[in-house]
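Working notes, beginning with the structure itself.
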């Protein structure tokens, strides 16, 4: 089979499972999928890592959809799927998991803060020309209600 396709296609699963599984409730499908991961002894990390590194078109499409922002989604909380997962991880008990999540995002938060501070420093509308600076204009700058 070409390397850009799954080794087990719909026909394989129709033969193995039969069509009745397509009519299952979503919750039952999730149990079936996870029980297969357990039965085959595939660590969840390995499966997720493979999902996001795969060159298989079907897998990349689904991974891309997961990573996308869906602005028209009805459920505002679920418009950005990675945020749903992050919130679940963050609330998954106290202690080490939360600590390591915070460590994981620390460098990203620093990068965002640096980009934002650089943008403010470079913003021409916020520049003060010292040649035009007077005592009165300086006081106006520092007094929020005296624009």
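In UniProt numbering, the protein residues as written are 1 to 147. Don't be surprised by glycine CBs; every beta carbon is placed ideally from N, CA and C.
_Beta-carbon proximity check, residue 5 vs residue 85, cutoff 8 angstroms_ = Against the chain shown, residue 5 aligns to sequence position 5. Against the chain shown, residue 85 aligns to sequence position 85. In this structure, residue 5 lies away from residue 85, with their beta-carbon atoms at least 8 angstroms apart.
_Cβ contact check for the region 4-23 and the region 45-63: 3 or more pairs under 8 angstroms_ = These segments touch.
*Hey, out of 90, 82, 115 and 73, whose CA is closest to residue 63's CA?*
Along the chain shown, one-based indexing puts residue 63 at 63. Of the candidates 90, 82, 115 and 73, the residue whose Cα lies closest to the Cα of residue 63 is 82.
*Where does residue 127 fall in DSSP's three states?*
For the purposes of this step, residue 127 is taken as the residue at position 127 of the chain shown. Looking at residue 127 - three-state DSSP - the assignment turns out to be coil, as it is neither helix nor strand.
*Alpha carbon to alpha carbon, what distance is there between residue 31 and residue 124?*
Walking along the chain shown from the start, residue 124 turns up at place 124. Walking along the chain shown from the start, residue 31 turns up at place 31. When only Cα atoms are considered, residue 124 and residue 31 end up about 56 angstroms apart.
*Whole-number beta carbon distance between residue 120 and residue 126, since they are thought to touch under 8 angstroms*: The residue given as residue 126 occupies position 126 in the chain shown. The residue given as residue 120 occupies position 120 in the chain shown. Rounded, the Cβ-Cβ distance is 6 angstroms, consistent with contact.
_Endpoints, the alpha helix (DSSP H) within which residue 24 is located_ = Within the chain shown, numbered from 1, the residue matching residue 24 stands at position 24. Segment: none, residue 24 is in no alpha helix (DSSP H) and carries neither H nor E.
_Can you list, in chain order, the residues of its chain with a C-beta nearer than 6 angstroms to that of residue 80? Leave out the 5 residues immediately preceding and following it._
Start at 1 with the first residue of the chain shown, and residue 80 comes out as number 80. For residue 80, where only same-chain residues beyond five positions count, the Cβ hits under 6 angstroms are 69.
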